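Asker: Starting off with a structure, shown below.
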Amino acid sequence: MTATSSTRTGLVAELAAIVGPDDVISHHDELIVYECDGFLIEKNVPDVVVFPTSTEEVVAIVRLCSRLGVPFVPRGAGTGLAGGTLPVGGGVMISLTRMKRILEVNIRDRYAVVEPGVVNVWLTRALSGSGYHYAPDPSSQSACTIGGNVATNSGGPHTLKYGVTVNHIKGVEIVLPDGTVVETGGPEEDHPGYDLTGLIVGNEGTFGIVTKVVVNLTRDPEAGRTFLGVFATVEAATEAVGGIIAARIVPAALEMLDNPMIRAVEAAFGFGFPIDAGAVLIIETDGLEASQDQEAQAIAAIVEANGGSVAKSISWRTRKEPEYQAIWKSRKSAFGAIGRLSPTFCTQDGVVPRTKLPHILRFIMAVGERHGIRVANVFHAGDGNIHPILMYDERDPDQIRRVLEASHEILDECINVGGSVTGEHGIGVEKMSFMPKLFTPMDLAAMVALRQVFNPAGLCSAEKMIPGGVGCIERKSPGKRASA
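Each number in the working numbering corresponds to the 1-based position in the sequence shown with 195 added.
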């Protein structure tokens, strides 16, 4: 049910009284910017977007929405790729991008306290020269916010060695959907009781709105090596991945690009990727200087044993060397380079056992050929976290249909080989239809019961994660929009 003009006007006026008129957007031509996140297939315009700058303002906004029965959804930078910030039934979008302060950095106790709108790379820059860093580094690091990383439990290229976001979050402050403020965890190393912080990380905004994050700081490595392994085929590259792990080497990062992606990235950034290669691996080790040459030699031998060659080997003491930064800029900006090939694309986020990588990549290419869709691959090979990029034109409904069908086939196969449908992007609205394939009815009932503890009225991030809302292919009826 769409809100009447008068009820929306009343809501906007009350929100403006909380944050000020300059921090509220209600005109359609401005709201259209917020109709979707990085998942472009599902779109819906919120009734209003509000920009709080403090926990107190978030509390007041949430209490207003709760009193009026208006759905609301938090949003960070909008880089999510599963529709997690889609305002399914309209309502109020709470943008946290103006809560962007680094509140505390404590090097001695190895933690920092940040607001949710702090861009991931800002913390990295703030820590430069301190001897410490914040380890999670999603590919969208230059744009994504730490609050968004917490919501989806983001990964990144260095997940293989250092772990995902939840492994680096010591505590949070969260505003529950009734306006209650709760703190979990904290700067101390071992917080007693239930791990509520671990429960909240990855909740995709369905428990409430995180307004402060206590993050762990990791010591900078003494030295490292970054290699570019070049292979004639994707299969050879994936076999090398398995060989490196089987040799008991745990690289800091182990990333793969196939030929279409190599060509797009090289055209965009000119790093020197061989455009005739079937696939390349970006392999990084780090740690004590004394161990680096031995690991480098072992990795080079494995690459060569699988028919590859080491085209580049970058030795570094810090991650500021120009060539080091250039190779990782190319990798982390790879999705943007696809704009040279297609006006729109859909990025999937399946996970398979590493031994199944050759199979799933063959399956992906066969699916692309069967549906007449171009596919490029760039992904976290060391984790088995695949990111096939399916290219299409959103102006063509038939292409959208084919992309969605191909996406479902790929994710179904990930499940069939013992994997999952998401490694770091989350479920959002895109993948809810897969939840019954991964979990039993009893499992899902337990998840619903847990969500209701935090979010009993279901107003916060409505119709997300748990089946019953918008699916990837079939759009369900929308929920209520803002009403007084």
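Where is the CB? At the ideal position from N, CA and C, for every residue including glycine.
Just so you know, these numbers come straight off a predicted model, no measurement behind them.
Measure the Cβ-Cβ separation of I256 and P247 and say whether it is below 8 Å.
Answerer: The answer is yes: Cβ separation under 8 Å.
Asker: Using DSSP with H/G/I as helix, E/B as strand and the rest coil, what is G621?
Answerer: Correct three-state label for G621: coil.
Asker: When the distance is taken between beta carbons, is K626 closer than 8 Å to A208?
Answerer: For A208 and K626, no; Cβs fall outside 8 Å.
Asker: Taking Cβ positions, are I581 and G545 nearer each other than 8 Å?
Answerer: Result yes, Cβ atoms of I581 and G545 sit closer than 8 Å.
Asker: Which class does V648 belong to by DSSP, given the choice of helix, strand or coil?
Answerer: Residue state, collapsed to three classes: helix.
Asker: Just the Cα atoms here: how many angstroms apart are N301 and E310?
Answerer: N301 and E310: Cα-Cα distance of roughly 15 Å.
Asker: Can you name, in chain order, every residue of its own chain whose Cβ lies under 8 Å from the Cβ of E434, other than the five neighbours on each side?
Answerer: So the qualifying residues of the chain are N501, P553.
Asker: Excluding the 5 residues flanking M456 on each side, which residues of the same chain have their C-beta closer than 7 Å to its C-beta?
Answerer: Result list for M456: A529, A571, N572, V573, in chain order.
Asker: Could you check what DSSP says for F234 in three-state terms: helix, strand or coil?
Answerer: The answer is coil: DSSP assigns F234 none of H, G, I, E or B.
Asker: Drop a sphere of 10 angstroms on the beta-carbon of Q487, count the other beta-carbons inside from all chains shown, and report buried for 16 or more, exposed for fewer.
Answerer: Q487 is buried by the Cβ-count criterion.
Asker: Hey, would you say E604 sits closer than 8 Å to I595, going by beta carbons?
Answerer: No. Outside cutoff.
Asker: Kindly identify the DSSP beta-bridge partner or partners of G366.
Answerer: Per DSSP, G380, V409.
Asker: Identify which residue in S349, W317, Y357, E608 has its Cα closest to the Cα of I555.
Answerer: Checked all of S349, W317, Y357, E608; the closest Cα to I555 is E608.
Asker: In three-state DSSP terms, what is V359?
Answerer: It is coil, neither helix nor strand.
Asker: Would you decide whether Y357 is buried or exposed? Buried here means 16 or more other CB atoms lie within 10 Å of its CB.
Answerer: Buried, by the Cβ-count rule.
Asker: Can you tell me the Cβ-Cβ gap for A431 and N454, rounded? I've got them flagged as a contact below 8 Å.
Answerer: Contact doesn't hold; Cβ gap of about 13 Å is too wide.
Asker: I'd like the span of the beta strand (DSSP E) that includes P269, first residue to last.
Answerer: From DSSP, the beta strand (DSSP E) with P269 extends over 267–270.
Asker: Could you tell me whether the region 370–390 touches the region 314–328, where touching means 3 or more Cβ pairs closer than 8 Å?
Answerer: Counting Cβ pairs under 8 Å, fewer than three are found: no touch.
Asker: Taking the alpha helix (DSSP H) that D593 belongs to, which residues open and close that run?
Answerer: Note, D593: alpha helix (DSSP H), 592–611.
Asker: Do you know how far the Cα of K632 is from the Cα of E669?
Answerer: With a pLDDT of 36 at E669, under the threshold of 50, the modelled position of that residue is not reliable, and the figure given next carries that caveat. Taking the straight line joining both Cα atoms gives about 17 Å.
Asker: Pull up the DSSP beta-bridge partners for F422, would you.
Answerer: DSSP output for F422 lists I478, S508 as bridge partner(s).
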